[in-house]
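Visitor: The listed protein sequences correspond, in order, to chains A, B and C.
Just so you know, my numbering puts the end of the first sequence at 691, numbered straight through with nothing missing.
Just so you know, my numbering puts the end of the second sequence at 540, numbered straight through with nothing missing.
Just so you know, my numbering puts the end of the third sequence at 189, numbered straight through with nothing missing.
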Amino acid sequence: MDTFQLIPPALVLAAVGVPLLAALLVALLGARLAGLLAAAQLVVTTLLVVFTLGAVNVRGGERGPHREGLRGSAAMTFEPNFVPGDPTLANNEFAQTHGTTWGLLSLGPVPGPGVPAPEVQFFLGVDGLNVWLVALTSVMTLVAVLISLGRVRERPAAYFAWLFALQAAVTGAFLSFDIVLFYVFFELTLVPAFFLIGNWGPGRGRRDAAKLFFLYTLFGSLFTLVGLVGVVLANPTPLHPTPPPPTARDPKPTARPHYRAFTDPAGELRLPTEGPLTYSIPQLMRNASAWGNVRGYRARVAADRLAEADAGLAAANARLAAGPATPDLSLQAAAEKAQSLAAAEAATAIAEVTRGRRLQVWLFVLLVAGFAVKTPIVPFHTWLPTTYSEAPIAVTMLLAAVLSKLGTYGILRVVVPLVPDAATAYGLEVLGVLGAIGVVYGAFCAFGQRNLRLLAAYSSVSHLGLLVMALFSLNTEGLTGASLHMVNHGLATGAMFALLGFLEARHGTMDMSQYGGLIGRYPGFAFLFVLVCLANVGLPFLNNFVSEMLILAGLFDPSVVSPLGYGLAVAGASGIFLSAWYTFTMLRRVLFGPPIAPPLREGVTPAMALPEALGYLIPAALCVVLGLYPQPVLDSVKGDVAVVAQQADLARMRQGLPPSTRLHLPPESPTTDDAPPPGRGGPGAARW
Amino acid sequence: MKLLRDVHQEFLTGAYQYVLPETVLLGTACVLFVLAITVPRRAVAVGVGLLGVAGAAALAALVGVESLRGVLGWQELSLFWGTVEGTPYYPRALSPFDPTGPAAFVRWVALASAALFTLLAYAETRDDNACEYVACLLVAAAGTSLVGRANDLVTLFLSLEMLSIPTYVLLYLPVRSRDGQESAVKYFVLSILSSAVMLFGFSYLYGLTGTTNLGAIVDTLNDAHKSQVGPMALVAIVLVIAGLGFRLTLVPFHFYAPDVYEGGPTGVVAQLAFIPKVAGFIALARVLGMLYPPLDQLPFDASGTLIPMTLWVLAAVTMTFGNAFALLQTNLKRLLAYSGIAHAGYMLIGFVVASTLPDVVNGTVPSQVGLDSVLFYLVTYGLMTVGSFAVLVHLAGGEHPVETVDDLAGLAKTHPWAAGALAVCLFSLLGLPLSAGFAGKLLLFVGAFDAPTTGSLKTMARILAVVAVVNSAIGAVYYLRLVGVMTLRSPLKVAETSRGNVALVVALICAAATVAVGVYPKPLADAARAAIPLRDVGR
Amino acid sequence: MPIPVMTPEGLEAAFDLSAYYPALIYVLVIVGMAVGIVASSHMPFLKPSNKTRVKQMTYESGMDPIGNARMQFDVKFYLIAILFLVFDVELLFLYPWAVVAYGADGTDSAWRTAFGPVVFAEILIFLATLGIAYAYAWRKGVFQWR
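(1) Can you tell me whether A:Glu-348 is helix, strand or coil according to DSSP?
(2) Go ahead and pull the three-state DSSP assignment for A:Gln-452.
(3) With DSSP collapsed to three states, give me the class of A:Val-118.
(4) Which residue's Cα is closest to the Cα of B:Ala-274: B:Leu-200, B:Ser-165 and B:Ala-422?
(5) Quick check on the burial criterion: 16 or more other C-beta atoms within 10 angstroms. Buried or exposed for C:Ala-62?
(6) If you measure from the beta carbon of B:Cys-31 to each beta carbon in chain C, is any gap under 8 Å?
(7) With a threshold of 8 Å between beta carbons, is C:Arg-155 in contact with chain B?
(8) According to DSSP, is B:Asp-224 helix, strand or coil?
(9) Looking at chain A, which residues of the region 510-525 of chain B have a Cβ within less than 7 Å of any of its Cβ atoms?
(10) Give the secondary structure of A:Leu-107 by DSSP, where H, G and I count as helix, E and B as strand, and everything else as coil.
(11) Around the Cβ of B:Thr-156, are there at least 16 other Cβ atoms within 10 angstroms (buried) or fewer (exposed)?
(12) Can you tell me the Cα-Cα spacing of C:Arg-155 and B:Leu-174, whole angstroms?
(13) CB B:Ser-436 to CB B:Phe-446, shorter than 8 Å?
(14) Roughly how many whole angstroms lie between the Cα atoms of B:Gly-53 and B:Phe-301?
(15) Could you tell me whether the Cβ of A:Phe-216 comes closer than 8 Å to any Cβ of chain B?
(16) How long is the line joining the alpha carbons of A:Leu-594 and A:Ala-460, rounded to whole angstroms?
(17) Any idea which residues DSSP pairs A:Gly-519 with across the strands?
(18) Since B:Leu-481 meets chain A, which of its residues come closer than 7 Å, beta carbon to beta carbon?
(19) For a test of the three-state rule: what should DSSP assign to A:Asn-238, helix, strand or coil?
(20) Which of helix, strand or coil does DSSP assign to A:Leu-218?
(21) Taking only beta-carbon atoms, is A:Glu-393 less than 8 Å away from chain B?
(22) Does the region 162-171 of chain A come close enough to the region 620-630 of chain A that 3 or more CB-CB pairs lie under 8 Å?
(23) Compute the Euclidean distance between the alpha carbons of A:Lys-377 and A:Leu-401, then round it to the nearest angstrom.
(24) Check whether the Cβ of C:Val-82 lies closer than 8 Å to any Cβ atom in chain B.
(25) Pick from A:Asp-424, A:Pro-526 and A:Phe-532: whose alpha carbon is nearest that of A:Arg-657?
(26) Among residues of its own chain, excluding the 5 on either side of B:Arg-482, which ones have a beta-carbon nearer than 8 Å to its beta-carbon?
(27) Measure from the C-beta of C:Tyr-63 to each C-beta in chain B and report whether the shortest distance is under 8 Å.
(28) For A:Gln-363, count neighbouring Cβ atoms within 10 angstroms of its own Cβ and tell me buried if that reaches 16, exposed if not.
(29) In chain B, which residues lie with their C-beta within 7 Å of the C-beta of A:Tyr-300?
(30) Can you tell me whether DSSP reads A:Thr-140 as helix, strand or coil?
(31) How far does the alpha helix (DSSP H) with A:His-301 in it extend, from its first residue to its last?
(32) Starting from B:Val-520, trace the alpha helix (DSSP H) both ways and give me its first and last residue.
(33) Could you pull out every residue in the same chain whose Cβ sits closer than 6 Å to the Cβ of B:Gly-398, ignoring the five residues on either side in sequence?
(34) With a Cβ-Cβ cutoff of 8 Å, do A:Glu-507 and A:Gly-206 count as a contact?
(35) If you draw a straight line from the alpha carbon of A:Leu-272 to that of A:Arg-263, how long is it in whole angstroms?
(36) Check whether the region 492-502 of chain A touches the region 137-153 of chain A, counting contact only when three or more Cβ pairs, one atom from each stretch, lie closer than 8 Å.
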């Protein structure tokens with residue numbers, strides 16, 4: 004065992020463990036350590052990013068096109084790196100990479116070797132999709148700590164402890180590759196957020212806001228829990244229909260996983276059997292695709308055989324009509340029987356396909372419920388104004404920058420890969436449209452606000468709408484844009500809230516009408532604020548520009564000509580325009596014009612302290628950096644975005660739609676690969 | 002070849018082997034009664050009580066050691082399920098105790114809870130009644146443990162009463178208030194009534210089958226009910242479910258719980274909220290024949306839908322009523338009473354799943370599910386409920402104990418440790434992840450979604466799971482209200498704590514165990530699964 | 044729906060009402076006696092009917108009844124009554140125990156070698172428990188008439 008090999012998994016554990024430890028240390032030793040501990044976590048995450056970039060870029064190229072995937076044989080799936088508890092680390096006999104052996108809660112007996120056990124596992128890992136979000140969480144927590152230092156007077160140790168607990172929960176959710184573990188961390192964010200909002204919020208309504216936030220989000224995510232359980236039950240590991248012959252060592256061997264249907268030498272179509280349940284997201288993704296393909300393949304084979312049987316029957320009938328005076332009725336009877344059998348099989352197969360699709364629609368609705376509330380997607384955003392205006396500003400910043408990403412990340416990591424058929428069939432039509440409504444609605448609401456916090460909150464809603472549309476465009480451009488936009492939106496919106504905290508700490512109000520001409524009074528603040536607002540608007544050379552362009556490109560997908568996609572793209576583009584409108588209006592009112600400001604609060608110095616300044620500078624600088632050089636992010640998400648896009652493409656092809664991605668499928672070669680076998684025991688049969 | 006008579010004798014004379022730890026508990030109780038008239042001291046009572054529990058635990062651990070079994074001359078447990086050589090008889094239809102299945106699990110639960118309650122007794126009792134209090138506790142613990150292994154109507158009824166009768170005394174002992182008396186009398190009368198109803202059901206069972214041995218009763222009824230269920234058997238099982246439903250606080254039989262909990266001494270109420278549920282659920286499983294393989298038939302149900310649907314209705318109504326009424330409460334103990342009712346409803350989900358007869362898929366019968374999640378949930382429910390009540394015991398020191406929700410205001414500032422423990426327990430009751438309550442609910446819900454059957458029963462089980470999920474959301478409202486009051490409001494007055502911090506220690510133990518089970522539930526879940534009989538054992 | 048039951052002694056016959064005729068006759072005799080006595084003392088033509096004041100009085104073991112019988116009793120009476128019941132019934136239990144466990148018939152030597160010591164130990168434990176209960180009641184002052 005190589006010691007060096009153990010470092011990256013240890014880093015993955017540390018990414019969750021260090022904030023937890025930090026929470027404990029801060030609670031015990033006082034708030035002074037907070038900055039140091041947040042910086043330590045940032046170091047851990049930076050190391051993790053470096054290691055991940057190495058691993059992802061090395062392997063990224065290997066993920067080539069896989070037409071085979073259509074039958075499930077080589078369906079790609081997430082391959083988390085640096086999994087703590089990976090059996091290869093301990094040189095296990097049944098080594099399987101990108102998996103773990105650390106069980107938390109087993110829900111059934113252990114099946115044979117090579118088959119995933121039906122247990123909830125402590126399955127953490129990094130890949131291109133989550134590594135940047137973990138980094139974002141670390142950066143924004145550091146910012147939250149920096150801008151809270153000295154401002155939180157009441158029980159600062161407890162405040163920072165909860166802040167670190169929140170960071171641990173969010174990081175854990177991003178790193179989880181077990182579906183229940185993901186839900187555990189996802190739900191766990193509620194507790195620190197509840198205490199932070201309820202105890203340290205500036206206004207009188209903070210308690211009600213905390214309860215509303217907790218209960219609203221919990222109610223949504225309970226449906227997600229039902230959906231998750233449903234997904235697990237709907238996608239057991241497919242096993243080979245015949246177990247291997249018993250050996251002396253293993254008298255009752257278990258069948259190995261087998262992800263496709265095949266025709267045995269006798270010409271019978273054999274389907275995999277339902278094996279044990281699994282809770283691992285990569286395994287579930289593979290299973291979801293496999294079951295969809297198996298059902299689709301069965302239906303196609305059944306249809307072909309029905310056509311063949313129909314033809315046979317017609318031929319027999321014709322021969323009967325034209326035949327001799329004493330007809331051979333047995334031939335015709337056999338053809339009739341074959342035809343009725345084939346018809347029954349075709350009906351069953353089609354019913355199975357329909358049943359699977361209908362189930363996925365239900366699961367899609369259930370899964371999305373929690374994520375839509377968390378993000379929030381527009382009709383479920385009613386908790387947001389209260390919460391964002393009642394929470395302490397650093398927490399509002401974290402809510403907008405990081406916690407909202409849990410919802411979108413959930414869609415990207417869970418919804419699209421695990422219910423691909425429903426996501427491709429209804430995602431853009433339902434959630435894309437809701438996202439578009441959110442873009443426009445959020446923008447108009449933002450324009451109407453007098454409260455700066457609420458303005459930023461609605462601006463965040465508007466940009467998240469764009470993000471949701473991008474997630475359901477389900478092509479590489481859109482998904483890459485979405486992955487990047489999660490980070491960019493976090494940085495830009497987070498920086499905006501952080502800078503609003505500057506004003507709130509000094510003047511105690513967020514009412515826009517009480518401010519004016521601040522550029523003379525706080526030139527440094529004004530510079531950063533303008534920069535961040537420009538980033539939010541999507542000015543070229545700043546970060547949001549890159550991701551928003553990618554998102555629009557994804558929505559204007561030329562390979563799928565759909566008026567809906569174009570309409571959504573127009574809505575998205577108008578959102579970008581509208582954001583410029585309300586942002587510049589706000590800037591004009593607050594920064595320019597006659598200088599007015601409410602009186603300074605007691606005991607506050609107007610000058611920017613060093614930690615605070617660092618807190619504003621870091622995200623602002625990152626906005627510029629990512630605007631100028633987003634390539635590392637784009638490179639690292641490429642491989643995993645391709646996986647998600649392929650999962651969606653396979654689902655599209657099952658529904659008879661053209662795949663939307665031009666990048667990963669080679670030119671169609673249906674005759675060799677994709678066509679059902681020519682006949683029973685035909686020459687192509689062996690390959691199936 | 003062993004004669005049937007020898008086997009019979011072995012299992013009758015050998016029955017004491019199965020109840021040694023319980024005997025130790027009862028002996029300690031006798032010693033405590035003697036101490037009550039010689040040295041009535043609180044510390045002595047708790048010390049002796051803990052010693053007794055430790056002794057029982059040591060014996061229980063020795064029983065588990067396989068290699069010692071031969072040395073001590075104890076029977077092989079594998080004999081229990083086999084037939085007696087050359088005869089069609091099973092030892093399990095002869096023995097008054099069944100040491101297999103959930104027996105050991107329940108014993109450990111009873112012993113652990115006895116230790117916790119004995120510690121709580123230190124905070125709640127005075128010198129002049131401490132010995133009796135602890136003695137009654139130990140008798141009740143012995144009764145609980147015996148319910149886990151009672152294999153005969155007589156032993157089952159006796160152990161259930163061994164659990165109930167000390168409770169009447171306990172309810173009356175520490176507090177001599179008007180409410181306390183009302184609570185004691187109410188519980189006494191209704192409990193006697195429920196026992197009578199249950200006993201009436203038992204008498205039907207005996208009349209139908211001519212035996213009091215539960216294994217034999219299940220076998221006989223299974224043989225008789227291949228096609229159709231006799232009406233007398235239905236009367237019997239309805240009466241038994243009604244009698245046990247009182248202990249489980251299932252909804253039509255729940256009405257006493259809020260009043261009794263409100264008036265009774267808090268430490269005893271903690272016990273009342275937990276122990277009868279353990280005993281009741283195990284007794285229900287046993288009478289319904291769920292602990293007797295091969296489990297291919299329900300003794301009271303030829304169609305295989307009657308019992309599941311009865312339990313379904315009970316479960317849905319119980320959890321919905323419990324949660325809906327808990328929303329309206331301002332008294333903490335009443336609130337916890339209704340919360341306990343709701344949780345009994347959740348646990349019944351496991352029974353619904355266990356009572357659906359499985360489909361044979363690919364020639365293999367799926368292993369029994371449902372009951373293991375009930376056992377798991379019982380433990381988690383015990384931890385979080387006892388923890389909550391322990392905090393209330395801790396805060397009941399002064400003239401004005403913490404009683405209403407408003408009394409909790411600002412507890413996080415005045416008593417941070419107590420508030421922390423209570424918050425953990427409440428979050429666990431709410432079912433928040435990383436607490437035992439979440440793992441328990443996950444097991445129950447997954448079990449209900451994955452009921453090993455097809456058709457309408459499966460759909461019904463799934464609907465029940467959704468009902469439970471909606472109920473958890475309702476439950477979140479009132480649990481969160483408590484947490485909010487504790488942590489977000491400023492204190493109105495400082496609650497006085499009880500002498501010493503023993504109750505707080507109990508609360509912290511419960512809270513820590515709740516988190517530990519929530520973080521790493523695998524060992525407990527595996528133990529619960531191991532406690533459930535496999536379907537293909539025996540025959 | 045009577046079912047024949049397998050017991051260790053063999054197949055036990057199903058419930059049969061005719062086996063209970065002796066009990067029925069017993070009940071009839073008892074009821075007949077009761078009815079006969081009541082009838083002979085209350086039938087208008089049979090009973091003697093010279094009422095005097097003393098004869099109309101409540102019979103109270105030869106004492107003159109004083110005051111209303113519907114009065115409150117001291118709760119101590121209940122304690123005494125319960126204690127009496129407990130010890131009385133529990134002592135009563137010893138007779139059937141002795142007869143069944145060590146009687147001449149119904150038990151054979153094999154049974155006695157198997158169960159004898161156990162049963163003896165059991166009754167000793169039972170008596171010891173009674174003794175503890177007695178000592179407890181005594182020391183708690185149940186027998187003191189305060």
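We put the beta carbon where it would ideally sit given N, CA and C, even for glycine.
Guide: The relevant details are as follows:
(1) On the first sequence, residue 348 of chain A is found 345 positions in, with the first residue counted as 1. In the structure shown, A:Glu-348 sits in a helix (DSSP, three-state: H, G or I).
(2) By 1-based counting over the first sequence, the position of residue 452 of chain A is 449. Here A:Gln-452 sits in coil by DSSP.
(3) In the first sequence, the residue the question calls residue 118 of chain A occupies position 115. Coil, per DSSP.
(4) Looking up residue 274 of chain B in the second sequence gives position 273. The option with the nearest alpha carbon to B:Ala-274 is B:Ser-165.
(5) Translated into positions along the third sequence, residue 62 of chain C becomes position 19. Flag for C:Ala-62 reads exposed.
(6) Counted from its first residue, the second sequence places residue 31 of chain B at position 30. Under the Cβ criterion of 8 Å, B:Cys-31 is counted among the residues facing chain C.
(7) Stepping through the third sequence from its first residue, residue 155 of chain C is reached at position 112. Answer no: the Cβ-Cβ gap between C:Arg-155 and chain B never drops below 8 Å.
(8) Here the question's residue 224 of chain B lines up with position 223 in the second sequence. Helix, per DSSP.
(9) Residues Tyr-521, Pro-522 and Lys-523.
(10) Position 104 of the first sequence holds residue 107 of chain A. DSSP places A:Leu-107 in strand when its eight states are reduced to three.
(11) Locating residue 156 of chain B in the second sequence gives position 155, where the first residue counts as 1. The residue in question, B:Thr-156, is buried, as its Cβ has 16 or more Cβ neighbours within 10 Å.
(12) Here residue 155 of chain C refers to the residue found at position 112 of the third sequence. Here residue 174 of chain B refers to the residue found at position 173 of the second sequence. In a straight line, the C-alpha of C:Arg-155 is about 44 Å away from that of B:Leu-174.
(13) Reading the second sequence from its first residue, position 435 is the one you call residue 436 of chain B. Reading the second sequence from its first residue, position 445 is the one you call residue 446 of chain B. Taking a C-beta distance under 8 Å as the contact criterion, B:Ser-436 and B:Phe-446 do not qualify as a contact pair.
(14) In the second sequence, residue 53 of chain B corresponds to position 52, counting from 1. In the second sequence, residue 301 of chain B corresponds to position 300, counting from 1. Pairing B:Gly-53 with B:Phe-301, the inter-Cα distance amounts to about 40 Å.
(15) Here residue 216 of chain A refers to the residue found at position 213 when the first sequence is read from its first residue. Answer no: the Cβ-Cβ gap between A:Phe-216 and chain B never drops below 8 Å.
(16) As a working note, residue 594 of chain A is residue 591 in the first sequence. As a working note, residue 460 of chain A is residue 457 in the first sequence. Going by the C-alpha atoms only, they are around 19 Å apart.
(17) In the first sequence, residue 519 of chain A corresponds to position 516, counting from 1. Answer is A:Ile-599, bridged to A:Gly-519.
(18) Position 480 of the second sequence, counting from 1, holds the residue named residue 481 of chain B. Chain A residues near B:Leu-481: Lys-214, Phe-217 and Leu-218.
(19) Taking the first residue of the first sequence as position 1, residue 238 of chain A is located at position 235. A:Asn-238: coil per DSSP, three-state reduction.
(20) Position 215 of the first sequence, counted from the first residue, corresponds to residue 218 of chain A. DSSP places A:Leu-218 in helix when its eight states are reduced to three.
(21) As a first step, residue 393 of chain A must be located in the first sequence, where it is residue number 390. No, A:Glu-393 does not count as interfacial toward chain B.
(22) The region 620-630 of chain A, when compared against the region 162-171 of chain A, does not touch it at the 8 Å Cβ threshold.
(23) Mapped onto the first sequence, residue 377 of chain A falls at position 374. Mapped onto the first sequence, residue 401 of chain A falls at position 398. Going by C-alpha positions, A:Lys-377 is about 13 Å away from A:Leu-401.
(24) Reading the third sequence from its first residue, position 39 is the one you call residue 82 of chain C. Checking the displayed sequence, the identity of residue 82 of chain C turns out to be Ala instead of Val. Under the 8 Å criterion on CB atoms, C:Ala-82 is classed as non-interfacial with respect to chain B.
(25) As a position in the first sequence, residue 657 of chain A is number 654, starting the count at 1. Nearest C-alpha to A:Arg-657: A:Asp-424.
(26) Taking the second sequence and counting its residues from 1, one reaches residue 482 of chain B at position 481. Excluding positions up to five away in sequence, the list reads Val-406.
(27) By one-based count along the third sequence, residue 63 of chain C stands at place 20. Contact with chain B is absent for C:Tyr-63, since none of that chain's Cβ atoms lies less than 8 Å from the residue's Cβ.
(28) Here the question's residue 363 of chain A lines up with position 360 in the first sequence. Under the 10 Å beta carbon count, A:Gln-363 is surrounded by 16 or more other beta carbons and is classified as buried.
(29) Start at 1 with the first residue of the first sequence, and residue 300 of chain A comes out as number 297. For A:Tyr-300, there are no neighbours in chain B by C-beta distance under 7 Å, as the nearest C-beta there is about 21 Å away.
(30) What you label residue 140 of chain A is simply residue 137 of the first sequence in a count that begins at 1. Collapsing the DSSP output to three states places A:Thr-140 in a helix.
(31) Residue 301 of chain A sits at position 298 when you count from the first residue of the first sequence. Reading the sequence as shown, one finds Arg at residue 301 of chain A and not His. Looking at the DSSP string, the run of the alpha helix (DSSP H) that includes A:Arg-301 is 284-325.
(32) Along the second sequence, one-based indexing puts residue 520 of chain B at 519. Taken as a continuous stretch (DSSP letters only), the alpha helix (DSSP H) holding B:Val-520 covers 503-520.
(33) One-based indexing of the second sequence puts residue 398 of chain B at position 397. Glu-497, Thr-498 and Ser-499, listed in sequence order.
(34) Position 504 of the first sequence, counted from the first residue, corresponds to residue 507 of chain A. Position 203 of the first sequence, counted from the first residue, corresponds to residue 206 of chain A. Their beta carbons are not under 8 Å apart, which means A:Glu-507 does not touch A:Gly-206 by this criterion.
(35) Numbered from 1 along the first sequence, position 269 holds the residue referred to as residue 272 of chain A. Numbered from 1 along the first sequence, position 260 holds the residue referred to as residue 263 of chain A. Whole-angstrom Cα-Cα distance: 11 Å.
(36) Under the Cβ criterion (8 Å, minimum of three pairs), the region 492-502 of chain A counts as touching the region 137-153 of chain A.
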